[in-house]
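Engineer: With this note's numbering as the guide, the letters of the sequence shown map in order to residues 14 to 260.
Even for Gly, the Cβ is constructed at its ideal location relative to N, Cα and C.
Would you mind keeping the following structure in view while I ask a few things?
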Amino acid sequence: MSLQWTAVATFLYAEVFAVLLLCIPFISPKRWSKIFKSRLVAVITTYGNTAFIVIICILVFLLVDAFREVRKYSVTEKVDLSNNPVAVEHIHMKLFRAQRNEYIAGFALLLCLLLRRLATLLSQQATLMASNEAFKKQAEGANDAARKYMEENETLQEKLREAGVEVPEVGGKAKTNAEEEKKKLAVEVRQLKDELEATKKAHQKADSDMKAMKKQAENLTTEYDRLLEEHARLQAKYEAEQDKKSD
Numbered sequence: 014m015s016l017q018w019t020a021v022a023t024f025l026y027a028e029v030f031a032v033l034l035l036c037i038p039f040i041s042p043k044r045w046s047k048i049f050k051s052r053l054v055a056v057i058t059t060y061g062n063t064a065f066i067v068i069i070c071i072l073v074f075l076l077v078d079a080f081r082e083v084r085k086y087s088v089t090e091k092v093d094l095s096n097n098p099v100a101v102e103h104i105h106m107k108l109f110r111a112q113r114n115e116y117i118a119g120f121a122l123l124l125c126l127l128l129r130r131l132a133t134l135l136s137q138q139a140t141l142m143a144s145n146e147a148f149k150k151q152a153e154g155a156n157d158a159a160r161k162y163m164e165e166n167e168t169l170q171e172k173l174r175e176a177g178v179e180v181p182e183v184g185g186k187a188k189t190n191a192e193e194e195k196k197k198l199a200v201e202v203r204q205l206k207d208e209l210e211a212t213k214k215a216h217q218k219a220d221s222d223m224k225a226m227k228k229q230a231e232n233l234t235t236e237y238d239r240l241l242e243e244h245a246r247l248q249a250k251y252e253a254e255q256d257k258k259s260d
């Protein structure tokens with residue numbers, strides 16, 4: 014394997030490791046969000062967009078070059094078997110290497126895009142979780158305030174009755190104000206519950222997207238391992254043929 018493809022393969026291994034690291038279940042999205050917002054990551058992301066575009070361009074160029082090599086060695090009918098009996102085996106080896114390079118470049122390009130999307134989804138999920146907790150606390154606070162207000166109102170009415178003061182019945186000004194305040198609080202609680210439900214749905218959608226990307230990354234890793242095994246088998250076959258011919 015040439016130097017450039019060794020570098021691309023190493024980059025692919027690093028991407029697979031990063032994807033698996035981001036998919037670890039016991040590291041919460043909040044912690045990833047803190048890491049993404051740290052000073053070191055902020056310094057890296059200052060030039061991150063430029064570096065990302067450069068990497069994408071390089072991988073696209075290598076993918077096109079590998080595709081060209083595959084097309085170049087895909088036709089074996091042009092080989093002159095009378096003058097070079099081992100040419101077919103040699104072309105098959107070249108074709109496999111070109112296909113291997115094509116898969117390496119393609120998977121590296123796909124995982125590069127997948128990593129960027131996965132980091133974005135983790136940040137969004139952390140934001141949604143924080144909003145979810147804030148809405149929940151706000152709704153609980155509104156419920157507690159309404160309950161406290163009703164208890165104080167009942168206590169005040171009892172004290173007024175004990176003092177011999179007539180408490181306005183239904184339709185009185187105090188009762189009307191209490192009812193209006195209660196209705197306002199009920200509307201606010203209902204709105205907060207609706208916002209909480211919407212936040213939960215968005216959180217579930219982000220979680221399902223992350224699971225789908227994790228499954229896709231595992232499938233890519235399995236396919237790459239299969240290609241490596243096939244390459245090792247063909248390499249051994251090619252070396253065995255060379256040993257026989259040298260003998």
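1) To the nearest angstrom, how far is the alpha carbon of L131 from that of Y116?
2) Report the three-state DSSP secondary structure of F65 (helix, strand or coil).
3) Grouping DSSP H, G and I as helix and E and B as strand, with all else coil, what is C36?
4) Report the residue from L35, T19 and E165 whose alpha carbon sits nearest the alpha carbon of M226.
5) Between L75 and K149, is the Cβ-Cβ spacing less than 8 Å?
6) With distances taken Cα to Cα, identify the nearest neighbour of F109 among A219, L135 and F80.
7) Around the C-beta of E28, are 16 or more other C-beta atoms found within 10 angstroms, so that it is buried, or is it exposed?
8) Quick check on L169: buried or exposed, where buried means 16 or more other Cβ atoms within 10 Å of its Cβ?
9) Drop a sphere of 10 angstroms on the beta-carbon of L128, count the other beta-carbons inside from all chains shown, and report buried for 16 or more, exposed for fewer.
10) Roughly how many angstroms lie between the CA atoms of K218 and A143, to the nearest whole one?
11) State the CB to CB distance for the pair L16 and F120, rounded to an integer number of angstroms; the pair is presumed to be in contact (CB under 8 Å).
12) Pull up the distance between the alpha-carbon of F30 and that of V21, whole angstroms please.
13) What residue from N145, E192 and A147 has the CA that sits closest to E167's CA?
14) In the structure shown, what three-state DSSP assignment does Y86 receive?
15) Measuring straight from C-alpha to C-alpha, what distance separates G185 and K206?
16) Smallest Cα separation from Y86: which of V77, I71 and K107?
17) On the criterion of 16 or more Cβ atoms from any shown chain inside 10 Å, does T23 qualify as buried, or is it exposed?
18) Would you tell me roughly how many angstroms separate the C-alpha atoms of V183 and I37, rounded to the nearest one?
19) Give the single residue among V32, A253 and H244 whose Cα lies nearest to the Cα of T133.
20) Is it buried or exposed, R44, if we count other Cβ atoms within 10 angstroms and call 16 or more buried?
Structural biologist: For this structure:
1) 21 Å
2) helix
3) coil
4) L35
5) no
6) F80
7) buried
8) exposed
9) buried
10) 16 Å
11) Going by Cβ atoms, the distance from L16 to F120 rounds to 19 Å, so no, they are not a contact pair.
12) 14 Å
13) E192
14) coil
15) Interpretation of G185 is limited by its pLDDT of 48, a score under 50 that renders its predicted location unreliable; the figure taken from the coordinates is listed afterwards. Straight-line Cα distance between these residues: approximately 31 Å.
16) K107
17) exposed
18) Here the model assigns V183 a pLDDT of 43, short of 50, so the residue's position is not dependable, and the following value carries that caveat. If you take the alpha carbons of V183 and I37, they lie about 60 Å apart.
19) V32
20) exposed
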